[in-house]
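K.L.:
Let me give you the structure first, and then I'll get to my questions.
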Amino acid sequence: MPDEGWPADHELLRRHVAGDAEAFGELFRRHRDRLWAVALRTLCDPDEAADALQDAMVSAFRRAGDFRGESAVTTWLHRIVVNASLDRLRRRAARPALPTGDEQAFEALVAQDGDPARASDTRMDVDAALRLLPPQQRAALVLVDMLGFSVADAAAILDTSPGTVKSRCARARARLLPHLAHLQGNRSASESVSPAQGGET
Amino acid sequence: MTHLDTDVLAEFRAGLITGRRGARITAHLAGCDRCTALDDRLAGVSVLLASVPAPAMPDSVTQRLDAALTAEVARRDSPERARGDGAGESPTPRRPRENRGFRLLALRVLAPAAAVVVLAAGGYGLSRINFGSSTSSTASTAGGAATAGGAATAGGAATAASSAKSATRHANAPAAAPAGITPGNIVVVTSNRNLSRADLAQQVRAALLVPPAPGSTETARAQLRGCVLGLIGDHPPQRVESVRFEGRPATLVVARTGQGDTAWIAAPDCSATNLHVLDKTSLPSGISGP
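Chains as they are written, first to last, in the numbering used here: chain U, 1 to 201; chain A, 1001 to 1290.
Okay, structure coming up:
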């Protein structure tokens, strides 16, 4: 991702490390909507996302001196936010009885949100469908398909290889297909869910 | 060739299947309407996801983050002047999961006070910023009796006076938690304490009665944070202290578990995925205050 605005991100970070009281705020404000989107989509929970984003912001503020410029500042910021979000998911996974990631939860959400075929409900349906994905797949898909990061940048953010990002995204798209088919064009949901037979071999 | 599986097509689309296998898929798609349609719908997933507008950050979150940032800047600006002054009972951001309504309410109501939360979480009170809440302080016991003298040096007469006052008021209240330690901000106290296996509970009890020395706290690094959160689960953290155990480096972790507290001695390699505990003890109710 290119740095936006002036001064450049890395210059703001440098000023922050040098003691400038305003620099970090300007840097964070510049990117916070996207950082919020990452946290919210990864965690699927506004309260958790707010907690994660605050943790990440404080962490970035304090650890700015550790930034070595090996990646873009935005990549570094996103990495901190994604890690804070995945940390929370891991902790949540350790707790039982939270309705994420299963089909019943999805059905319940769709039912609660009303007619899933209504175009105005696209965002809710997408949000509900995202919950079906394992966290690592969801994080990769959010970065690449929803926020437009390149596979290489997403890999840097997720601290993994481009191949792994591609693979996680591919599995995530395949998983989401039947749940999002009703939102695509004017095809009906029943047409869209095509029973796959065997492999290609 | 049978029809293509969705997963296989998705991998193919992502460029993960090449060579002879990829060529066979290409050939199959060229002659199969059904799989081409599936391929189109798969492409449509990405198109659809890209079309969903990014959610706007709610105002409450914006305000909360701004307050936290202001507090961070203030903390960094004046760590010297900040010490010793009870910053007020932290309206701690620790919100029980089981109470969603409260969490939302707390977020809204406490947004203007969020600066106080983070100040306290950093282990410092800020004498130069008046948030007007220090009179109701109980967290000021963290800078209580044992450090009132130190506060006089670090924070000047006025600060010392207020600390001494609260220290008197809370002379009998143990100063267990560094002000505002929360699951979101694990503050580690560095000490020279050497704990041993025998009578561990008694030693931990003694440790909790001593407030952290000014400047002896820092935010836990990721590994330790993972370890602490893994150990305490949903229980409120009371103290995380870098100590020695049986002469070796270790971390004391104390959390409020039900009526009493539980203390763990974590090994240096303890992490979220490897909860390496050297010893564990429970402290009956009332040890670290109400």
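Think of the CB as a built atom: it goes at the ideal place given N, C-alpha and C, for glycine as much as any other residue.
On a predicted model such as this, the values are computed, not experimentally measured, just so you know.
If we ignore side chains and look at the alpha-carbon of each, how far apart do L53(U) and I1017(A) end up?
P.N.:
Cα-Cα distance, rounded: 37 Å.
K.L.:
How would you write the range of the alpha helix (DSSP H) that V1045(A) sits in, first residue to last?
P.N.:
Segment D1033 to S1051, the alpha helix (DSSP H) holding V1045(A).
K.L.:
Are L177(U) and V1045(A) closer than 7 Å when you measure CB to CB?
P.N.:
For L177(U) and V1045(A), yes; Cβs fall inside 7 Å.
K.L.:
What three-state label does DSSP hand W6(U) in the structure shown?
P.N.:
Three-state result, W6(U): coil.
K.L.:
Name the chain A residues that come within less than 7 Å of Q184(U), Cβ to Cβ?
P.N.:
The contacting residues are R1041, G1044 and L1048.
K.L.:
When the cut-off is 7 Å and only beta carbons count, does G1184(A) lie next to chain U?
P.N.:
Yes, G1184(A) counts as interfacial toward chain U.
K.L.:
For the pair the segment 152-160 of chain U and the segment 69-84 of chain U, tell me if three or more CB-CB distances fall below 8 Å.
P.N.:
Yes: the two stretches touch, three or more of their Cβ pairs being nearer than 8 Å.
K.L.:
Is the beta carbon of V1188(A) sitting closer than 7 Å to the one on A1220(A)?
P.N.:
Contact: yes.
K.L.:
What residues are listed by DSSP as bridge partners for N1274(A)?
P.N.:
The partner list for N1274(A) (beta bridge, DSSP) reads S1271(A).
K.L.:
In whole angstroms, what is the alpha-carbon distance linking L1038(A) and D66(U)?
P.N.:
Answer to the nearest angstrom: the Cα atoms are 47 Å apart.
K.L.:
Would P1268(A) pass as an interface residue toward chain U - the criterion being a Cβ-Cβ separation below 7 Å?
P.N.:
So, not an interface residue.
K.L.:
Could you compute how far the alpha carbon of A23(U) sits from the alpha carbon of R15(U)?
P.N.:
Cα to Cα, A23(U) sits roughly 6 Å from R15(U).
K.L.:
Which residues in the same chain have their Cβ closer than 8 Å to the Cβ of R1013(A), if we skip the five residues on either side of it in sequence?
P.N.:
Around R1013(A): D1039, L1042 and A1043.
K.L.:
Who are the near neighbours of K1280(A) in its chain, counting only those whose CB is closer than 6 Å to its CB and skipping five residues on each side?
P.N.:
Here the set comprises W1264.
K.L.:
Can you name the residues that DSSP bridges to K1280(A)?
P.N.:
Beta-bridge pairing links K1280(A) to W1264(A).
K.L.:
When the Cα atoms are used, what is the spatial distance from R1024(A) to A1010(A)?
P.N.:
About 15 Å.
K.L.:
Checking the sheet assignment: what are the DSSP bridge partners for R1256(A)?
P.N.:
DSSP, once it has assigned bridges, lists D1261(A) as partnering R1256(A).
K.L.:
Give a yes or no on whether the C-beta atoms belonging to P1249(A) and P1268(A) are separated by under 7 Å.
P.N.:
In contact: P1249(A) and P1268(A) (Cβ atoms closer than 7 Å).
K.L.:
Specify, as a first and last residue, the run of the alpha helix (DSSP H) that Q1203(A) falls within.
P.N.:
L1200 to L1209 is the span of the alpha helix (DSSP H), which, as asked, contains Q1203(A).
K.L.:
Select from the segment 75-89 of chain U all residues with a C-beta closer than 8 Å to any C-beta belonging to chain A, and list them in chain order.
P.N.:
The residues in question are N83 and D87.
K.L.:
Between which two residues does the beta strand (DSSP E) containing Q1238(A) stretch?
P.N.:
Note, Q1238(A): beta strand (DSSP E), P1237 to F1245.
K.L.:
May I ask you to list the residues that DSSP assigns as paired with P1212(A)?
P.N.:
P1212(A) is not bridged to any residue.
K.L.:
Whole-angstrom Cβ separation of L1049(A) and D145(U), contact assumed at under 8 Å?
P.N.:
Yes, they are in contact, since the Cβ atoms of L1049(A) and D145(U) sit about 4 Å apart, within 8 Å.
K.L.:
Among all the DSSP beta bridges, which residues are the ones paired with L1195(A)?
P.N.:
DSSP output for L1195(A) lists F1245(A) as bridge partner(s).
K.L.:
Let me know the secondary structure DSSP gives E70(U) once reduced to three states.
P.N.:
Looking at E70(U) - three-state DSSP - the assignment turns out to be coil, as it is neither helix nor strand.
K.L.:
Using only alpha-carbon positions, find the residue among S1242(A), P1284(A) and C1227(A) that is nearest to A94(U).
P.N.:
That would be C1227(A), whose Cα lies nearest to the Cα of A94(U).
K.L.:
Does the CB of T1006(A) have a neighbour CB from chain U at under 7 Å?
P.N.:
Interface residue, yes.
K.L.:
Chain U partners of T1219(A), CB-CB under 7 Å?
P.N.:
Going along chain U in sequence order, the residues near T1219(A) (Cβ under 7 Å) are R62.
K.L.:
Near L13(U), which residues of its chain fall below 8 Å by C-beta distance, leaving aside the five closest residues on each side in sequence?
P.N.:
Around L13(U): A23, F24, L27, A64, F67 and V73.
K.L.:
Give the residues from the segment 1233-1248 of chain A that approach chain U closer than 9 Å (Cβ to any Cβ), ordered along the chain.
P.N.:
If the cut-off is 9 Å between Cβ atoms, the segment 1233-1248 of chain A has G1233 and D1234 near chain U.
K.L.:
For chain D, check one thing: does any of its Cβ atoms lie closer than 7 Å to the Cβ of V1187(A)?
P.N.:
The structure shown has no chain D; the protein chains it does contain are U and A.
K.L.:
Using only CA atoms, which one of G1258(A), T1257(A), P1284(A) and S1216(A) lies nearest to S1242(A)?
P.N.:
Closest option to S1242(A), Cα to Cα, is S1216(A).
K.L.:
When you compare the CB positions of D55(U) and G1031(A), do they come within less than 7 Å of one another, or not?
P.N.:
No; because the gap between Cβ atoms is not below 7 Å, this pair is not in contact.
K.L.:
Taking C-beta pairs closer than 7 Å, name the residues in chain A that R173(U) reaches, listed in chain order.
P.N.:
Within chain A, the residues near R173(U) are A1010, L1042, V1045 and S1046.
K.L.:
Does chain A have any CB closer than 7 Å to the CB of V38(U)?
P.N.:
With 7 Å as the cut-off, V38(U) does not count as an interface residue toward chain A.
K.L.:
If you compare alpha carbons, which of R1225(A), N1274(A) and C1035(A) is closest to T1182(A)?
P.N.:
Here the closest residue by C-alpha is R1225(A).
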